[in-house]
Structure formats: structure tokens, C-alpha cells
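Residue numbers (our numbering): 1417 to 1500.
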Amino acid sequence: MTAPSLKARVHVMLKDGVLDPQGEAVRHALGTLGFGGVEAVRQGKVIELDLAATDRAAAEAEVRAMCEKLLANTVIEKYTVEIA
């Protein structure tokens, strides 16, 4: 029988204070469509990974390393990792 694998979900967002032109474009478009109550939009991305790992702590450490090296631009982006 195959060992159960883990799933990771990474949320990547621009850091506070970094301009978000895509978010501003979405906010403007929502206003144009009649949704005037939206004061700000921050756009990010969600990355889902299926992992062969079975150790949660090791999997989280590995995913954080992936974020630091590739998945997030840590100069301007922040990220959170969920392991399930």
C-alpha cells in the first residue's frame, strides 16, 4: 500500500507598501461594473503542491525552501504555507 502523501498550499501576496497595479486594475474594473463599494484590491496567487513526503515538518521546511528559491520573490512578496 502506498504511504499517504501530503498536500501543500502556498499563498503568495505582495508585501504591504508594494504597489499592486493588477489589484488596482481589478478595483477599477469592479467600479466600472457598478461595484463601487470596493476601496482596495490586493491580488496574489495560490500554488498547490502534491508532495511525496509523509513527515509534515520536513514537508513544510522543503516547501518554504521552494518559496525562497522559486515560488515567491521575497524582495517584494510574502508567503504562507499550509500543509494538509
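We put the beta carbon where it would ideally sit given N, CA and C, even for glycine. As the structure is a computational prediction, the values presented were derived from the model and not from experiment.
Q) Taking C-beta to C-beta, are VAL1454 and GLY1439 nearer than 8 Å? A) No, the pair does not count as a contact, with Cβ atoms beyond the cut-off.
Q. Which residue spans inside the segment 1455-1493 form an unbroken alpha helix (DSSP H) run of at least 4?
A. Taking only runs of at least 4 residues, the alpha helix (DSSP H) segments lying wholly in the segment 1455-1493 are 1472-1482.
Q: Counting only the same chain and skipping the five closest in sequence on each side, list residues whose C-beta sits under 8 Å from that of ALA1475.
A: Exclusion of the five residues before and after ALA1475 leaves LEU1422, ALA1424, LEU1467, ALA1469, ILE1499 as the residues of its chain whose Cβ lies within less than 8 Å of its Cβ.
**Q.** Residue range of the alpha helix (DSSP H) that includes LEU1374
**A.** Look at the range of the chain in this structure, 1417 to 1500, and you will see that residue 1374 is not part of it.
Q: For GLU1484, collect the residues of the same chain with a Cβ closer than 8 Å to its Cβ; drop the 5 residues on either side in sequence, then sort them by chain order.
A: For GLU1484, where only same-chain residues beyond five positions count, the Cβ hits under 8 Å are THR1490.
Q) MET1429 to LYS1494, Cα distance in whole Å? A) For MET1429 and LYS1494, the distance between alpha carbons rounds to 5 Å.
Q) If you draw a straight line from the C-alpha of VAL1479 to the C-alpha of HIS1444, how long is it? A) As the crow flies, the alpha-carbon of VAL1479 is around 35 Å from that of HIS1444.
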